[in-house]
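Peer 1: What follows is a structure written as structure tokens; I'll ask about it next.
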Ligand SMILES: Nc1nc2c(ncn2[C@@H]2O[C@H](COP(=O)(O)OP(=O)(O)OP(=O)(O)O)[C@@H](O)[C@H]2O)c(=O)[nH]1
Ligand SMILES: Nc1nc2c(ncn2[C@@H]2O[C@H](COP(=O)(O)OP(=O)(O)OP(=O)(O)O)[C@@H](O)[C@H]2O)c(=O)[nH]1
Ligand SMILES: [Mg+2]
Ligand SMILES: [Mg+2]
């Protein structure tokens, strides 16, 4: 957007285009556009920087509304159990490798659970990541019941006095009822050993995905409850604006962002950075 | 859904025999909203609506249907036309093996699709060799081998070679062993990673594929036009595959990618199993997008 343009029809369309193309969705876009028009009515002295300022302020407000308390990992007793879920190909296994590396750097002992017993070479893939991170792994043969792998992993984490247990699950579409039931079963079986487990359930979303991410967040949250989101592939050109309606409607915070394919390419989500990147 | 919304819109403007500027602008707003909610790219939706608007202005409303149904009918026809205009058969080589190369962003479903395509072709009596030039993703080779085993298809073995070397070796193997087709999987890559884009161009130049398929996730949002354009510019791909359409994403990326590249959508992937592949049906996709 060039500086100092007047608030005319063409300008309005440009703003609308930037917002829509960020995947923020039509509802949030219209909400922001109404807000802009309202401000314009009050103060005709409008230019580009005013507009950007208003949008950023509104986005910050939306994101602050969802300030759910940071899940304090120290409050939970060992092992801290993280369940990672999401649809196919979003970056769950890779993210787990990055998380394991992060916790190892913090001096924690980490155990990974290869509970994706379905997809070709899923266990092998996670095994390579755990070596890169310096973590241990519990795995079993292909086709085994994921819930039993999760169960064995938690038993092992307890007996080995592990700080953090991260459970990888197979990618699954939220529309597949039996696969969502499988997740509920994993949760139930973990609770048999540790009632607070999973201490953290992370939904991994691909920044490239459009409006369906909102549906995914709703469905996974309804099925097993989601504590935080990992937004991956933000090193691409997709903006991931869909997390704004997700935050607004479901109050689920984004905890991490994936910025690449290396073990160090994981960052804590920062709303300021995100908002600035969203509407540049 | 769209029909109901448009019925309501036209109800408010009664007694019109023709579709004119006035009664259509409200309807077009509804259609635009439907397209955007279906993940059709902003600019693509704008151009598409403008084109269809010009086609429907002044049209006599048929006696048998309401103006709303008329508008939907026109949009549906135009969408089907845009999505599936050209014939979308897989390219064949006069001298075997036919070389098919697959490329796209990370996690879009390329590796799984290669196995699906191989099975699809074997059912048509064509024997294919599977190969992967993905030397980056952990256990990429294992993944294709496991998939290959499940369909009794040989996967070209590699060890320490580079991506281009593997591709050339696989084509050579396919030639020597009398395969009808060689299907080459490539690593997922970002269109803005110049090194990786250079690599995939290098692979293309080394083996000169008959068919290059851009594999895109059916749930892709507004960004679809960016990656599609970039891959087209560097690879000049010949066909599009949309995956994960067994979900409930509307699939507007189909229109976005088709509109900015002009390349035909040849296949869709509709599940995780190796037989979950289908020829692209533009009419089904149009109904899905317009909801
Ligand atoms: N550029 C980029 N690529 C990523 C990122 N995260 C993951 N990937 C890539 O995305 C692809 C899929 O990653 P996986 O970790 O296998 O995804 P997944 O969700 O475990 O996949 P399934 O288990 O098959 O559902 C791989 O090629 C990863 O390298 C990221 O933040 N940036
Ligand atoms: N539900 C569903 N899942 C699919 C479909 N196609 C692929 N998948 C799944 O999507 C995930 C990613 O598939 P891959 O074939 O590994 O994707 P890829 O493009 O090769 O990934 P990279 O090589 O990392 O870029 C896997 O879990 C697949 O089983 C589909 O049509 N429907
Ligand atoms: Mg995985
Ligand atoms: Mg692959």
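Chains as they are written, first to last, in the numbering used here: chain A, 1 to 280; chain B, 1001 to 1291.
Cβ coordinates follow ideal geometry from the N, Cα and C atoms, glycine included.
Examine chain B for any beta-carbon lying closer than 9 Å to the beta-carbon of residue 48 of chain A, and answer yes or no.
Peer 2: It does not: the Cβ of residue 48 of chain A has no partner Cβ on chain B nearer than 9 Å.
Peer 1: For residue 1030 of chain B and residue 273 of chain A, what's the separation of their Cα atoms in angstroms?
Peer 2: So the alpha carbons of these two residues sit roughly 34 Å apart.
Peer 1: So is residue 1057 of chain B buried or exposed if we call it buried at 16+ other beta carbons inside 10 Å?
Peer 2: Exposed: under 16 other Cβ atoms inside 10 Å.
Peer 1: Given that residue 1220 of chain B touches chain A, what residues does it touch there, using C-beta distances under 7 Å?
Peer 2: Those are 208, 209, 210, listed as they occur along chain A.
Peer 1: Quick one, are the C-beta atoms of residue 154 of chain A and residue 197 of chain A less than 9 Å apart?
Peer 2: Result yes, Cβ atoms of residue 154 of chain A and residue 197 of chain A sit closer than 9 Å.
Peer 1: Please state if the CB of residue 180 of chain A and the CB of residue 207 of chain A are separated by a distance shorter than 9 Å.
Peer 2: No, the pair does not count as a contact, with Cβ atoms beyond the cut-off.
Peer 1: Check whether the Cβ of residue 1140 of chain B lies closer than 9 Å to any Cβ atom in chain A.
Peer 2: Yes, its Cβ sits closer than 9 Å to a Cβ of chain A.
Peer 1: Please confirm whether residue 1200 of chain B has its beta-carbon closer than 9 Å to some beta-carbon of chain A.
Peer 2: Output row for residue 1200 of chain B: interface = no.
Peer 1: In the structure shown, what three-state DSSP assignment does residue 1266 of chain B receive?
Peer 2: If DSSP states are grouped into helix, strand and coil, residue 1266 of chain B belongs with the strands.
Peer 1: Less than 8 Å between the CB of residue 1146 of chain B and some heavy atom of ligand 1, yes or no?
Peer 2: Because no heavy atom of ligand 1 lies under 8 Å away, the Cβ of residue 1146 of chain B does not count as near it: no.
Peer 1: Any chance you could list the residues with Cβ under 5 Å from a heavy atom of ligand 3, keeping chain order?
Peer 2: Taking each Cβ in turn, the ones that pass are A:92, A:93.
Peer 1: Figure out for me which residue from A:242, A:251, A:212, A:205 has the closest Cα to the Cα of residue 259 of chain A.
Peer 2: Cα-wise, what sits closest to residue 259 of chain A is A:205.
Peer 1: For the stretch 9–21 of chain A, which residues have a beta carbon sitting closer than 7 Å to at least one beta carbon of chain B?
Peer 2: Within the stretch 9–21 of chain A, the residues whose Cβ lies closer than 7 Å to some Cβ of chain B are 17, 20, 21, listed in chain order.
Peer 1: Here's a check: name, in chain order, each residue in its chain whose Cβ is nearer than 7 Å to the Cβ of residue 1173 of chain B, leaving out the five neighbours to either side.
Peer 2: Answer for residue 1173 of chain B: 1129, 1156, listed in chain order.
Peer 1: Kindly identify the DSSP beta-bridge partner or partners of residue 1099 of chain B.
Peer 2: Answer is B:1182.
Peer 1: Indicate whether residue 1098 of chain B and residue 1126 of chain B have their beta-carbon atoms separated by less than 9 Å.
Peer 2: Yes, they are a contact pair.
Peer 1: Does the stretch 108–116 of chain A come into contact with the stretch 136–150 of chain A, if we say contact requires no fewer than three beta-carbon pairs (one atom in each stretch) closer than 8 Å?
Peer 2: Yes, they touch.
Peer 1: When the Cα atoms are used, what is the spatial distance from residue 165 of chain A to residue 1042 of chain B?
Peer 2: Approximately 43 Å, taken between the alpha carbons.
Peer 1: Where does the unbroken alpha helix (DSSP H) through residue 166 of chain A begin, and where does it stop?
Peer 2: It is not in any alpha helix (DSSP H) - residue 166 of chain A instead sits in the beta strand (DSSP E) that spans 164–168.
Peer 1: Using a C-beta to C-beta distance shorter than 8 Å, which residues of chain B count as neighbours of residue 228 of chain A?
Peer 2: Here the premise fails: no neighbours, minimum Cβ distance about 20 Å.
Peer 1: Could you check whether the Cβ of residue 279 of chain A sits closer than 9 Å to any Cβ belonging to chain B?
Peer 2: It does not; no Cβ of chain B falls within 9 Å.
Peer 1: Can you list, in chain order, the residues of its chain whose CB lies under 7 Å from that of residue 211 of chain A, leaving out five sequence neighbours each side?
Peer 2: Closer than 7 Å at the Cβ level, and outside the excluded window around residue 211 of chain A, lie 25, 242.
Peer 1: Terminal residues of the continuous beta strand (DSSP E) containing residue 201 of chain A?
Peer 2: Per DSSP, residue 201 of chain A belongs to the beta strand (DSSP E) from 200–206.
Peer 1: Relative to ligand 1, is the shortest distance from any of its heavy atoms to the C-beta of residue 88 of chain A smaller than 8 Å?
Peer 2: Yes, Cβ of residue 88 of chain A sits closer than 8 Å to a heavy atom of ligand 1.
Peer 1: Can you list, in chain order, the residues of its chain whose CB lies under 6 Å from that of residue 1096 of chain B, leaving out five sequence neighbours each side?
Peer 2: Same-chain partners within the cutoff: 1180.
Peer 1: Taking only heavy atoms of ligand 1 into account, decide whether any of them is closer than 8 Å to the Cβ of residue 130 of chain A.
Peer 2: Not so, every heavy atom of ligand 1 lies at least 8 Å from the Cβ.
Peer 1: Return yes when the Cβ of residue 1135 of chain B is within less than 9 Å of the Cβ of residue 1187 of chain B, no when it is not.
Peer 2: Going by C-beta atoms, residue 1187 of chain B is nearer than 9 Å to residue 1135 of chain B.
Peer 1: Where residue 1115 of chain B and residue 1055 of chain B are concerned, what is the direct C-alpha to C-alpha distance, given to the nearest angstrom?
Peer 2: Rounded to whole angstroms, residue 1115 of chain B to residue 1055 of chain B spans 43 Å at the Cα level.
Peer 1: Under 9 Å, CB to CB, which of the residues in the stretch 1112–1130 of chain B have a partner in chain A?
Peer 2: From the stretch 1112–1130 of chain B, only 1112, 1115 have a Cβ closer than 9 Å to chain A.
Peer 1: If I follow the unbroken alpha helix (DSSP H) through residue 80 of chain A, where does it start and stop?
Peer 2: That residue, residue 80 of chain A, is in no alpha helix (DSSP H); its beta strand (DSSP E) goes 80–85.
Peer 1: Can you find a C-beta in chain B that's less than 9 Å from the C-beta of residue 87 of chain A?
Peer 2: At least one chain B Cβ lies under 9 Å of residue 87 of chain A.
Peer 1: Among all the DSSP beta bridges, which residues are the ones paired with residue 1287 of chain B?
Peer 2: According to DSSP, which records beta bridges pairwise, residue 1287 of chain B is partnered with nothing at all.
Peer 1: Any Cβ of chain B within less than 9 Å of the Cβ of residue 124 of chain A?
Peer 2: Yes, its Cβ sits closer than 9 Å to a Cβ of chain B.
Peer 1: Do the stretch 143–157 of chain A and the stretch 184–193 of chain A meet, that is, are 3 or more Cβ pairs less than 8 Å apart?
Peer 2: Touching, yes, given that three or more Cβ pairs across the two stretches are closer than 8 Å.
Peer 1: Could you tell me the distance, in whole angstroms, from the CA atom of residue 12 of chain A to the CA atom of residue 32 of chain A?
Peer 2: Whole-angstrom Cα-Cα distance: 11 Å.
Peer 1: Along chain B, in chain order, which residues have C-beta atoms closer than 8 Å to that of residue 107 of chain A?
Peer 2: Going along chain B, no residue has its Cβ under 8 Å from residue 107 of chain A, so there is no contact; the nearest lies around 25 Å.
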